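In our numbering, the protein residues as written are 731 to 990. Glycine included, every Cβ here is placed at the ideal spot set by N, Cα and C. Predicted model, so just to flag it, every value in this text is computed and none were measured. Remarks on the structure that follows.
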Amino acid sequence: MGKIVLITGASSGIGKEFAEIYAKQQATVVLASRNEDKLVAFATQLHARYGAKVFVIPVDLSRADGPQLLFDEANRRGLTIDVLINNAGVGTYGFLHERPIAEELAMLQLNVHSLSHLMMLFTPGMVRRKSGQILNIGSTTSFYPCPLSANYSASKAFVLYLTEAAANELRGTGVTVTALCPGGTGTEFFRSAKMDRQKVADAKALMDPRKVAELGVKALNKRKVVFVPGLQNWLLTQAPRFLPRHWVTRTTRSVIEQKR
Ligand SMILES: NC(=O)c1ccc[n+]([C@@H]2O[C@H](COP(=O)([O-])OP(=O)(O)OC[C@H]3O[C@@H](n4cnc5c(N)ncnc54)[C@H](OP(=O)(O)O)[C@@H]3O)[C@@H](O)[C@H]2O)c1
Numbered sequence: 731m732g733k734i735v736l737i738t739g740a741s742s743g744i745g746k747e748f749a750e751i752y753a754k755q756q757a758t759v760v761l762a763s764r765n766e767d768k769l770v771a772f773a774t775q776l777h778a779r780y781g782a783k784v785f786v787i788p789v790d791l792s793r794a795d796g797p798q799l800l801f802d803e804a805n806r807r808g809l810t811i812d813v814l815i816n817n818a819g820v821g822t823y824g825f826l827h828e829r830p831i832a833e834e835l836a837m838l839q840l841n842v843h844s845l846s847h848l849m850m851l852f853t854p855g856m857v858r859r860k861s862g863q864i865l866n867i868g869s870t871t872s873f874y875p876c877p878l879s880a881n882y883s884a885s886k887a888f889v890l891y892l893t894e895a896a897a898n899e900l901r902g903t904g905v906t907v908t909a910l911c912p913g914g915t916g917t918e919f920f921r922s923a924k925m926d927r928q929k930v931a932d933a934k935a936l937m938d939p940r941k942v943a944e945l946g947v948k949a950l951n952k953r954k955v956v957f958v959p960g961l962q963n964w965l966l967t968q969a970p971r972f973l974p975r976h977w978v979t980r981t982t983r984s985v986i987e988q989k990r
């Protein structure tokens, strides 16, 4: 069957591009997200275009039982996952004290708990087989706090820390973990998070999701632990190391605030 790649959040944006890249390489691709109709239509396209084997597993990863359902369903279909692309994630926007708590918690369940849970479910098999790759999608905001997206930026800092620590633990096992930390990318992300009017969502400043996915796969194959696509984004992640933290937080807020 060749390499089997599981991509969460594969119905849109960067996840869709990962699927396209791997299908083109004749890998078997497993697409997971909530929207089954979108996934099935995309799977049909991928198969027609590249002749690749494509499986669809609909799952809501903002539910606590989502990761286990996904893992069990992959096993039930005999799919031994070689590459896990932990990509599904959403943003939220607004003052923490005004945000609907249920929405924030669902976001944390998806961006933090499910991402870690999926790693914990799939890594033991990879270690036993002495082979496996995991790509966790962080963000440039993994490197600095972001007012008005407080939980989101904290969730992405979690992804970075988790990846760096797990990569160290997994040295010598044949399994690698990489954090891909993109900056603003032209996907549905800003619309879904209701922040498309925000300065950072200016289309000119956004990276092409295909480029982000290509660079992510490259970083994964080079066994990089952390990779930030784009020089401007990389500088953005390094600057906070040399500046007072309160200054960084204030600057981030002025960038993220909505245009009035
Ligand atoms: N775009 C950016 O500027 C940017 C920057 C830095 C990092 N990122 C990160 O990149 C990753 C991909 O985002 P994107 O930009 O490609 O956004 P996107 O176009 O909105 O795609 C998000 C994907 O996540 C899936 N998803 C959302 N909620 C889900 C849930 N509860 N369960 C399962 N799947 C769910 C969506 O599919 P369904 O609706 O079908 O469930 C969709 O396929 C995210 O982790 C995001 O935080 C994005």
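Secondary structure at residue i, three-state DSSP: helix, strand or coil?
i	result
N866	strand
A909	strand
S984	helix
L789	One detail in the question is off: residue 789 reads as Val in this sequence, not Leu. Coil at V789, not helix or strand.
R990	Only weak support is given to the placement of R990: the predicted model assigns it a pLDDT of 42, under 50, and the value that follows is read from those uncertain coordinates. Three-state result, R990: coil.
T810	coil
Exposed or buried, residue i, counting other C-beta atoms within 10 Å across all chains shown (16 or more means buried)?
i	result
E828	exposed
D767	exposed
I831	exposed
H847	buried
P854	exposed
R990	With a pLDDT of 42 at R990, under the threshold of 50, the modelled position of that residue is not reliable, and no figure is offered here.
What residue from the options has the CA that sits closest to residue i's CA?
i	options	result
L878	R764, R983, S763, A753	R983
G745	V759, L973, P974, H976	V759
E894	G916, Y874, T915, I864	I864
S861	E747, Q756, N951, L769	N951
F920	G824, P974, V789, A771	G824
Q839	R859, F873, K886, T871	K886
Starting from residue i, follow the alpha helix (DSSP H) in both directions and report where the run begins and ends.
i	result
N816	It is not in any alpha helix (DSSP H) - N816 instead sits in the beta strand (DSSP E) that spans 813-816.
S879	Per DSSP, S879 belongs to no alpha helix (DSSP H) and is neither H nor E.
E747	743-754
Taking residue i and residue j to be in contact with their CB atoms under 8 angstroms, please state how far apart those CB atoms are, rounded to whole angstroms.
i	j	result
L761	V786	5 angstroms
R953	T906	5 angstroms
I999	I737	Absent from the model: residue 999. The displayed extent of the chain is 731 to 990, so no value can be given.
Tell me whether residue i, by its Cβ, gets closer than 8 angstroms to a heavy atom of ligand 3.
i	result
E803	Among the ligands present in this structure, namely ligand 1, ligand 3 is not found.
State the start and end residues of the unbroken beta strand (DSSP E) segment that holds residue i.
i	result
V842	No beta strand (DSSP E) contains V842, which DSSP labels as neither H nor E.
G736	The sequence as given places Leu at residue 736; Gly does not occur at that position. Unbroken beta strand (DSSP E) run through L736: 734-738.
V760	758-763
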